[in-house]
Amino acid sequence: MSRRRLLVGGAAGAASAVMAAWALSADDSPVEWYRPAIVTARSERKKRPLPSRTEQVNMLQAGHTYDVLIIGGGATGAGCALDATTRGLRTALVEADDFASGTSSRSTKLIHGGVRYLQKAIMQLDYEQYKMVKEALHERANMLEVAPHLTRPLPILLPVYKWWQVPYYWFGIKMYDLVAGDRNVKSSYYLSKKNTLELFPMLKSDNLCGGIVYYDGQQDDARMNLAIALTAARHGATIANHVSVTKLHKTAGKLSGARLRDEMTGKEWDIKAKSIINATGPFTDSIRKMDDDTVKEICCPSSGVHIVLPGYYSPEHMGLLDPATSDGRVIFFLPWLKGTIAGTTDLPCKVTHNPKPTEDEILFILTEVKNYLNPDVEVRRGDVLSAWSGIRPLVSDPNKPDTQSLARNHIVHVSPSGLVTIAGGKWTTYRSMAAETVDAAIESANLKPLYKESQTDGFLIEGAHGWTPTMYIRLVQDFGLEMEVAQHLAKSYGDRAFAVAKMASMTGKRWPIIGKKVHPEFPYIDAEIRYGVREYACTAVDMIARRLRLAFLNVQAAAEALPAIAEIMAEELKWSDAEKNRQIKMASEFLANEMGQMVNRASRDKIPINLSKEEIQTYIKRFQIIDKDRKGFVSINDIRRSLKSMGVNPTDAEITSLQSEIDSTYHGQLELQDYLQNYGEDVTGEQLHEILREIDTNMNGQVELDEYLQMMSAIKSGHVAYSRFARMAEMEEEHHEREALKKKITVERSGGGL
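What the sequence shown shows, in mature numbering (1 follows the signal peptide of the UniProt record, and there is no 0), is residues -23 to -1, 1 to 731, in sequence order.
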C-alpha cells in the first residue's frame, strides 16, 4: 500500500508541476478543458394556488391514509416531500417549528462539492470520499439550474503565500474541475499577485505569491428550503409547519401512523400513514426513540458558528477560502446579501432547539479573518452585525456493526418497524439524499408509486419558471419599485415577485411609487410581510429570520424593524394586542440569544474603560449636559427633553454629509437620516426607548455615567461600531456650545461686553 501511495504521489507531483508551468504561463486566463453541458430543467409552472395553512392542517385532520408521512421540514425533509409527491405518492410533511428553522437556515450558504473531501480522497486513495464529491458536484449543478433566482456561481479565491503551494493547490483545484466533468460551473484559474490584489484588495499582500480561483455555488438557504417545500405543496403534498409528532402508532409491530399536535392551537389528532420518514437532523434520535426506546443514539452534534460583517470586508462577487486555520480547520469568507459571512467553527455540542453563538467562537473567527486581511482593514469586534450557531448532525452508521466511527456521508436506515431514518449528509446533496430515502420507503412499505424513479433531477423549484436575470426591470417599469427593491424581489421570489409587488403599499412619494421599506437600509418591503403569511409564516420569528433574512444580516436592524413587522402580521393573522406583544417579546428573545445580540452586548461590557483623563472629562461634560438635574443617570425623559431642546431640522445635503462623515464606523446600528429628521416633536417613544436600551446594560430603564463611559471606551477600542446615544450626547454638547456662543455674540453686539 505504501509503495502504491508513493507511486501515485510521485505521479501527482509530476503532473502538478507540468500543470503549474502551464498555469503560470497562462496567467489569469481560465483554462477551458471542455465545454460544460447545459442541464435541461423540466416541469411546468403549477397554477394551483397554495392552500392556506388552515386548509393544510384540515387536510391532515381529514382522516386520509397517506403513503408517506415525513417528519421534519428542513432541506432533506422538504426534498423528500417533493420527491415523493412527484412520484405520485400521497404525501404529508409536518415540522414542529418552521421550515428551515434548524440547521438548514444556519449554513455557510455554499452549494459545493467539498474541496477538502477531494483532497482527502486523493491523498488517502479513498474511493468513498471521491464518490461523495462526485455526487455533490452533480447536485451543485442541478441546484444552480433549477433555482437560478436563489443561487449564483461564486468565484472563491485561495490565496497562496508559499511558492511550492502554487502547483500543489493548482493541481488539486484542477482535479475538482475534472471530477465535476460536464457539470462544472466554470473553470478554475491562477492569478498573479498583482491581479489577486486587484480582485481582492482587502487581502494581506506581504509574502503573497498569487491566488487560485475556483467556482462553487451560493444560495439563500432558508428561502431555498421554503421554495422546495412550497413546490411540493403546489404538486399536491400536504405540508404544515408548527405541527409536532408526539407519538408513533404501530399495528402488528409495524408503523401505521402518528399522533400530531398543532403548536399554534394546541389541538391534537391522529394521522394514518403507510410509511414514516424521520428527517429531523440533530433531533434524529428523539424520533428513533419514539419508535424504539432501546436504540443507541447515533447523532453526534457539532456546533458551527458563523458571523456577519459589513460588506466592505470582501468584494461583492468573490469569496475567500482559508484552507488551514491555526487549529487545522477551514474558514470561508463570503459575500452574501450585501454583507460578509465568515465561518465556520466545529465544536461538539448538545442538541438544542435554541443554539447560541459563544464569544470564544466569534473571537476565533475574527482572529482567523485578521490573518488574511491587510492592515488597512481593522478587524473589530464591534463590526459583528449578527452571529448564529447551527448544529451539524454528524452520525454513526447503525447499518454497520461498528458504530463508533462517524459516517462521512449520509445514512439511510430502516428500523424493524419500518421507520425510515435519513441523517447526516450536506445541504448540497439534499435532493439525492431524498431520492434514496423515498426509494427505501417504497421498498420497505411496498408502496405503489406512479413513477418508480425519482423525478426531481432537473425539476424546477418555486419561482424559477419565468425568472430571467433582467426580470427586475419589468418590476421597476410596471410597478414603480425602487431598483434595489425590485432586484431583491426577483432574486428572492423569482417569477412570484409580481404577486408580491401587487401587495405593496403606495409610498406617497413621486418615486418609488410603491414599496414601503420595513427598515431604511434594507430592500425588504411591507408586501413581503403580507406575502410571507401566505408562505406559512406564523410567528414574528418566522418572518424576520426565514421569510426575510434580516435577523441573519443585522440583528440590531431586525430589532428596530420588529414592531412594524409585527403590526402588519397582526393585521394579516388577526392577532390581539396581547398576542402581538407576545410575538414581539419572543422575537426579541430570539434575536438576543440565537442571533448574537446578547453576546455582542456582553462583549462590550467586559471591556475595561480605557480613556485618557481629557477624554473622561469631555464625556462627563456631555453626560452632565443631558443630566441637567445632576441625578447621576439619564432617563428616557432626559433624552426626550434633550432632543426637543435641539430642534434640529437639517437639509438633505446636511444629512448626507453627516452620514458620509461617519460611514467608516457605521454599520447599520444607527438610522442617522431618520434619527435627525425625527428630532424635536417627531421623535417617537419607541425610538427613544431604542436609544436607551442600546446603552442601558443593567436594564433598569436609565443610563448611569459608568455605562456611558463604558460605551465610549468600547467605541474607541472598536468593540462597538456606533452608538446613537453617544452621537446624541455629542450633538447636545455642540448645540449647547452654539447657544452659549450666540448669547456671547448678542451681549457683545448690544454693548454688554464693553
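Note that beta-carbon positions come from the ideal geometry of N, C-alpha and C, so glycine has one too.
Note that the structure is a prediction, hence the values are computed from the model and not measured.
- Spanning the alpha carbons of Asp239 and Asp434 requires a straight line of approximately 33 Å.
- For Gln101, there is no enclosing alpha helix (DSSP H), as DSSP marks it with neither H nor E.
- At a Cβ-Cβ threshold of 9 Å, Val477 and Ile542 do not count as neighbours.
- Linking Asn531 to Val361 through their CA atoms gives a straight-line distance of about 9 Å.
- Judged by DSSP secondary structure, Gln196 falls within the beta strand (DSSP E) whose first and last residues are Gly187 to Gln196.
- In chain order, Ala52, Thr53 and Gly56 place their CB closer than 6 Å to the CB of Tyr407, counting only its own chain and leaving out the 5 sequence neighbours on each side.
- Annotation: Trp552 to Asn558 spans about 9 Å, alpha carbon to alpha carbon.
- By the Cβ criterion, the segment 107 to 117 is not in contact with the segment 332 to 345, since fewer than three pairs of Cβ atoms, one from each stretch, lie closer than 8 Å.
- Look at the beta carbons and you see the segment 312 to 319 touching the segment 287 to 299: at least three pairs across the two are nearer than 8 Å.
- With respect to Tyr107, Ala69 sits apart: the two C-beta atoms are not nearer than 9 Å.
- Around Leu324, the same chain offers Ser280 as residues with beta carbons nearer than 6 Å, after the five sequence neighbours per side are excluded.
- Taking a cut-off of 8 Å on C-beta distances, the segment 240 to 259 does not touch the segment 348 to 364, as fewer than three cross pairs fall below it.
- Listed as beta-bridge partners of Glu245 by DSSP are Arg238.
- Counted as a single uninterrupted DSSP element, the alpha helix (DSSP H) harbouring Pro540 occupies residues Val532 to Leu550.
- With a cutoff of 9 Å on beta-carbon distance, Ile339 and Arg369 are scored as not near each other.
- Cβ contact annotation for Arg67 (same chain, cutoff 6 Å, sequence separation greater than five): Tyr43 and Asp44, in chain order.
- Rounded to whole angstroms, the gap between the alpha carbons of Leu46 and Glu537 is 39 Å.
- Beta bridge pairing from DSSP links Gly281 with Gly367.
- DSSP places Ala69 in the uninterrupted beta strand (DSSP E) bounded by Thr68 to Glu72.
- Nearest C-alpha to Phe148 among Val285, Ala199, Val92 and Ala474: Val92.
- Close CB contacts of Gly401 within its chain, under the 7 Å cut and outside five residues either way in sequence, are with Pro370, Leu371, Val372, Ala384, Asn386, His387 and Ile388 (chain order).
- Residue environment for Met267: buried (at least 16 other C-beta atoms within 10 angstroms of its C-beta).
- In the three-state reduction of the DSSP assignment, Leu568 falls in the helix class, which pools H, G and I.
- Each residue's CA atom was taken as its position, placing Asn348 and Ser303 some 10 Å apart.
- Counting C-beta atoms within 10 angstroms of its own C-beta, Lys151 has 16 or more neighbours from the protein chains shown and is therefore classed as buried.
- Looking at the DSSP output, Arg129 sits in a beta bridge with Gln195.
- By the beta-carbon neighbour count (other beta carbons within 10 angstroms, threshold 16), Ser233 is buried.
- By alpha-carbon distance to His390, the top candidate from Leu286, Pro292, Thr228 and Ile275 is Ile275.
- According to the DSSP secondary-structure assignment, Ile88 is paired through a beta bridge with Gly194.
- Between the segment 214 to 229 and the segment 70 to 79 there are three or more inter-stretch CB-CB distances shorter than 8 Å, so the stretches are counted as touching.
- Here DSSP, grouped into helix, strand and coil, assigns Ser373 to strand.
- A check of alpha carbon separations from Ala206 across Arg83, Ile133, Cys326 and Thr62 identifies Thr62 as the nearest.
- Under the 10 Å beta carbon count, Val222 is surrounded by 16 or more other beta carbons and is classified as buried.
- Counting only runs that start and end inside the segment 382 to 460, the beta strand (DSSP E) elements of at least 3 residues fall at 388 to 391 and 396 to 400.
- The closest CA to that of Gly573, considering only Ala528, Phe600 and Ala547, is found on Ala528.
- The residues Pro125, His126, Ala467, Gly471 and Asp472, in chain order, have a CB closer than 8 Å to that of Trp444 in the same chain once the five nearest residues on each side in sequence are set aside.
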